[in-house]
Amino acid sequence: MQEATRHLLKHHDSALAPGPAGETNGAECCAQLQAINFQSNLPVVIINTGGVKPSRSKIGADVCTCGSPKHGDYAGNVTFKVFVMDDDTELQYPQHYKGLYLGLQKISQGKKGVDITKTNASTPADQSSFILEFEHAQNYDNKSTVTGPVTFKPWNILYPKKPTSDQTAYLQQALSGFETALYASDFTDPTNGWRKYANETAFADWFIAEELIKNAKHSYHSAAFMYKDDGKRLALGPIWDLVQGFGTCCGYPITGYLQNGLSGPGLSGGSAISPNGWLFDICLEPARCKVLEGYDPGDGIAYWFTRLWQDPNWRTFVGKRWTQLRGGAWQDSVILAALDAKQAQLAEAGQRILQEWPEALAGVNYDGVSSQISEWLTARLHWLDGAFALAASGPAFAPFPSAFPPSATPASVSQSTAG
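When we follow the UniProt record's numbering, the leftmost residue of the sequence shown carries the number 1, and every step to the right adds one.
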């Protein structure tokens, strides 16, 4: 069933970068759709590739859009219906229809992106702002990098695109200060420890979100971003690339790959994709992880959080932050209502995938898979309720009780993390 779920939820890797759509262009697009009697409750994009891969297209004057945001508006995460043509023939359905795509905002500096101070080559180093990216401890695009002096893991400088040598040296000093403090004997010191160099709230929110998503392929390993605004501390974020989270991935590169990621439960309390169990510390038991293509499963970010977890004040802090979220926007009812709405919106596309892959998805139905995701997420939320409470009151790393998780509620977690 797990393999079938992965097939059903898989989408194209194309990321259509949002941009303003001209009114004339939009009217033309809508007219083409009306001519073939195609109706949609979602924005529609018509791309004439001209020999260029659709994944390289931007939604702007060069792409026909109907129902997209008005000129000047911005949408960071929008679902589109997409038609793709490779010549100037008339639009046809279903020949040119390619299904649903997700339009994603690129990670960039700006008021509607990562809102940090603008930096260029003339900006003094100590007044500069930066965005960094971690990609499997690799530098695929030959960007400028800074490297942690303890983990020896490189971070690629995404912004500014061409930092000066002084700016790079300044950023290196900030990262070195953080890692040196994090692994020092007095790292828990509230004044001179790791908090001197890192924004605790930003680190906590990033950690909580990644643990909820539990993306065994990308969390802590790749698609991780960090930024530093002028005169401020390092901050993790934004969250990026949720594909293969929520129990749908195989568990790469965690042992259990051939068993759909199932292993453990071990010290972490579960497998790399089960609703129970931490993800960040699963590689503390080396036998549960494996090196794949030369990459260490504990790449970069995970090392930081296994160290942070040894700070009791950090565990209390993230537990309280979890409780705060669970009392509001992350209540079961709120999250499941949003998930139900999205699943209903994707139902038509889900049925098409079942028809397109009848053998691979034999015996699978969209409603069943949707229910599986909802059940996984509910179980994950409840496991984390108990786990955060236990972490705040117990030792950093210890086997979970055999009866864990207990019946936990946000109220019980609040009592456990108080003070």
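Glycine included, each C-beta is placed from N, C-alpha and C at the ideal position.
Item                                                                                                                                                                                              : Value
Are the region 222-231 and the region 108-127 touching, with three or more C-beta to C-beta distances below 8 Å?                                                                                  : yes
Assign residue 152 to one of two classes, buried (16 or more other C-beta atoms within 10 Å of its C-beta) or exposed (fewer than that).                                                          : exposed
If you compare alpha carbons, which of 305, 120, 100 is closest to residue 165?                                                                                                                   : 120
Would the beta-carbon of residue 220 fall within 8 Å of that of residue 280?                                                                                                                      : yes
So for residue 133, helix, strand or coil by DSSP?                                                                                                                                                : strand
Taking buried to mean at least 16 other C-beta atoms within 10 Å of its own C-beta, is residue 399 buried or exposed?                                                                             : exposed
Could you tell me whether the region 390-397 touches the region 315-333, using the rule of 3 or more Cβ pairs below 8 Å?                                                                          : yes
Compute the Euclidean distance between the alpha carbons of residue 350 and residue 343, then round it to the nearest angstrom.                                                                   : 9 Å
Short of 8 Å in beta carbon distance, which residues of its chain neighbour residue 177, apart from the five on each side in sequence? Order them along the chain.                                : 196, 197
Check whether the Cβ atoms of residue 202 and residue 148 sit closer than 8 Å, and answer yes or no.                                                                                              : no
With distances taken Cα to Cα, identify the nearest neighbour of residue 41 among 347, 106, 182.                                                                                                  : 347
How many Å lie between residue 328 and residue 335 at the Cα?                                                                                                                                     : 10 Å
Please report the straight-line C-alpha distance between residue 420 and residue 35, rounded to a whole angstrom.                                                                                 : This structure does not reach residue 420, given that the chain is present from 1 up to 419, and the question cannot be answered.
By the 10 Å Cβ neighbour count, where 16 or more other Cβ atoms means buried, how is residue 140 classified, buried or exposed?                                                                   : exposed
Using the Cα positions of residue 158 and residue 214, report the straight-line distance between them to the nearest angstrom.                                                                    : 25 Å
Assuming the contact rule is C-beta atoms closer than 8 Å, residue 146 and residue 175 should be a hit. Round their C-beta distance to whole Å, please.                                           : 5 Å
For residue 235 and residue 271, what's the separation of their Cα atoms in angstroms?                                                                                                            : 28 Å
So the candidates are 388, 363, 308; which of them puts its Cα closest to the Cα of residue 325?                                                                                                  : 388
Check residue 317 in the structure and name its three-state DSSP category.                                                                                                                        : helix
Going by the DSSP bridge assignment, what does residue 97 pair with across the sheet?                                                                                                             : 83
Would you report the Cα separation of residue 172 and residue 163, rounded to the nearest angstrom?                                                                                               : 12 Å
Compute the distance between the beta-carbons of residue 205 and residue 321, then report whether it is under 8 Å.                                                                                : yes
Determine, using beta carbons only, whether residue 99 and residue 82 come nearer to each other than 8 Å.                                                                                         : yes
Roughly how far, in whole angstroms, is the beta-carbon of residue 397 from the beta-carbon of residue 284, given that I think they are within contact range, below 8 Å?                          : 7 Å
Run the CB neighbour count on residue 89, radius 10 Å, all protein chains shown included, and call it buried at 16 or more, exposed below.                                                        : exposed
Under 8 Å, do residue 277 and residue 265 count as touching if we go by C-beta distance?                                                                                                          : yes
Please confirm whether residue 301 and residue 216 have their CB atoms less than 8 Å apart.                                                                                                       : no
For residue 97, which of 108, 84, 104 has the nearest alpha-carbon?                                                                                                                               : 84
Got a sec? Which residues, its chain only, sit under 7 Å from residue 183 by beta carbon, not counting five neighbours each side?                                                                 : 150, 307
Please go through the same chain and pick out, in chain order, the residues whose beta-carbon is closer than 6 Å to the beta-carbon of residue 11, but skip the five residues on each side of it. : Low local confidence applies: a pLDDT of 32 at residue 11 is under 50, so the model's placement there is unreliable, with the coordinate-based value given in what follows. Correct list: empty, nothing qualifies.
Tell whether a beta-carbon distance below 8 Å holds between residue 376 and residue 312.                                                                                                          : no
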